[in-house]
Amino acid sequence: MKTARRNVGVLAAAQAILGAQMATIFTVGGLAGQSLATNLCFATMPISMIILGSMLTATPLSNLMQKHGRRAGFVVGAAGGAIGAAIGAYALYIGSFWLLLLGSLGTGIYMSSQGFLRFAAVDSAPEHFRAKAISFVMAGGLISAILGPQLVKLTSDAYVIPFLGTYLAVIILNIVGSFFFLFLDIPTPAAPADDAPKGRSRMELLKTPRIAVAVICAMVSYALMNLVMTSTPLAVVGCGFESKDAANIVSAHVLAMFAPSFFTGHIVAKFGVDRVVAAGLAILGGAGLVALSGVELEQFYIALILLGIGWNFGFIGATTMLAGAHTVEERGRMQGLNDMLVFGMVTVASLASGGLMNCSGGNPVDGWSAVNLAMIPFLALAFGALIWLSRQPKETV
């Protein structure tokens with residue numbers, strides 16, 4: 011427990027500092043893209059490229075961590091984030107939309123490695139501490155929720171070129187945050203002996219009902235959160251409010267994403283992971299209903315706060331469900347596959363977000379409504395998966 015608590019502290023600190031870049035870039039990415047894109051339908055493509063980069067690097071990073079340890083993978087992720095931000099800053103300086111997309115791909119390497127922070131939390135944790143370990147690491151995002159949007163306010167207009175200072179600040183975040191990993195104490199997995207159990211194949215893992223449902227619920231929770239959050243700055247500014255209002259709303263959203271993490275693990279332990287995931291999906295649906303009710307500032311705030319809480323319950327619950335459904339020798343294979351599928355779905359959602367927001371109606375209000383209506387079929391899929399799982403024989407789950 012001493013080692014587990016130490017690692018959780020290190021990972022939570024890394025989440026706090028390094029994670030601030032995601033709140034930062036998700037706030038300005040769409041606005042920066044909108045300032046450079048010749049077609050406003052592609053305004054959110056920088057964010058989509060971040061998620062695509064995360065999807066493409068999830069499996070290689072997972073394999074790297076399996077062979078060389080968590081520290082190596084996390085340092086590679088921070089380096090990717092720094093290089094991606096540097097390319098993005100240069101893209102803004104020369105006014106190149108395509109170069110901004112390339113830099114966003116580099117940022118995706120960091121986003122992918124950030125996803126493994128929650129898995130690393132359970133590597134040295136006893137079983138009874140796993141859900142709490144995941145929650146405490148995710149709780150580090152509270153600081154990132156405050157730091158990221160504040161950086162946007164301080165840096166977005168620091169130079170003549172909008173958002174250039176923000177991308178330069180992200181480089182510093184990655185350099186500073188990477189030093190936390192020097193204190194991580196997670197042994198590198200031993201190379202398996204020739205006669206050691208190999209575990210199930212990827213296809214066999216996905217055919218396991220509990221794993222399949224965990225992946226589906228993680229995909230839906232993360233994709234819907236991203237679908238709505240990506241469009242939020244565009245919707246807020248498009249409805250006549252200022253960019254600082256968008257930053258404040260995103261800050262409230264990210265706080266709501268991570269604040270429940272202090273007690274999500276306890277809730278999982280008390281009520282069961284399946285019920286917590288279901289509650290998260292229901293809260294996501296509630297966020298959509300509030301967003302559809304109007305476009306005043308308070309409605310944006312309430313909708314985005316509910317969106318954050320719903321993501322927290324749905325995603326942490328699905329992660330906990332997955333962590334208990336595979337063996338140690340299957341860890342690298344399953345975690346990489348899970349994140350590849352999750353971020354693949356999120357990539358589709360972020361690509362769709364800009365199109366729905368800017369190209370599905372004649373004004374921002376219509377676009378914002380289209381974004382939130384798009385949640386319905388995916389919520390139905392996830393709820394259906396949970397119901398199906400509850401009816402499976404226990405020995406097959």
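This note's numbering numbers the first residue of the sequence shown as 11 and each following residue consecutively.
Positions of the beta carbon are idealized from the N, C-alpha and C atoms, including for glycine.
Next item on the list: Decide if Asp-376 is buried, meaning its Cβ has at least 16 other Cβ atoms within 10 Å, or exposed.
Entry: exposed
Next item on the list: Measure the C-alpha to C-alpha separation of Leu-215 and Val-286 and round it to an integer number of angstroms.
Entry: 23 Å
Checklist line | Between the CA atoms of Ile-326 and Gln-25 - distance to the nearest angstrom | finding: Using only the alpha carbons, I get a separation of about 15 Å.
Note to self: Using a Cβ-Cβ cutoff of less than 6 Å, which residues in the same chain neighbour Gly-150 once the five nearest sequence positions on both sides are dropped?
What the structure shows: Ala-22, Gln-25, Ala-26
Item checked: Exposed unless 16 or more other CB atoms sit within 10 angstroms - verdict on Leu-307 -> exposed
Check: Would you call Ser-400 buried or exposed, if buried means 16 or more other Cβ atoms sit within 10 Å of its Cβ?
Finding: exposed
Notebook entry, point to check: Nearest to Thr-176 by CA position, among Gln-44, Leu-389, Leu-112, Gly-98, is which residue?
Noted result: Gly-98
Note to self: Under 8 Å: do the region 307-322 and the region 228-237 share three or more Cβ pairs, one atom per stretch?
What the structure shows: yes
Check: Below 8 Å, can you find three or more Cβ-Cβ pairs linking the region 98-107 to the region 57-67?
Finding: With the cut-off at 8 Å, the region 98-107 and the region 57-67 do not touch.
Notebook entry, point to check: If you compare alpha carbons, which of Cys-51, Leu-366, Ile-277 is closest to Ile-144?
Noted result: Ile-277
Notebook entry, point to check: So which of Cys-369, Ala-131, Asp-255, Ile-259 has the shortest CA-CA distance to Arg-16?
Noted result: Of Cys-369, Ala-131, Asp-255, Ile-259, the residue nearest in Cα terms is Ala-131.
Next item on the list: Run the CB neighbour count on Lys-280, radius 10 Å, all protein chains shown included, and call it buried at 16 or more, exposed below.
Entry: exposed
Item checked: Three-way DSSP call (helix, strand, coil) for Glu-137 in this model -> helix
Check: For Leu-317 versus Val-264, is the C-beta distance shorter than 7 Å?
Finding: Contact: no.
Next item on the list: Could you check the C-alpha separation between Ala-228 and Phe-388 for me, to the nearest Å?
Entry: 11 Å
Next item on the list: May I ask which residues mark the beginning and end of the alpha helix (DSSP H) holding Arg-401?
Entry: First-last for Arg-401: undefined, no H or E at that position.
Item checked: Cβ neighbour criterion (16 or more within 10 Å) applied to Ala-142 -> The identity of residue 142 in the sequence shown is Lys, whereas the question assumes Ala. Per the 10 Å Cβ criterion, buried.
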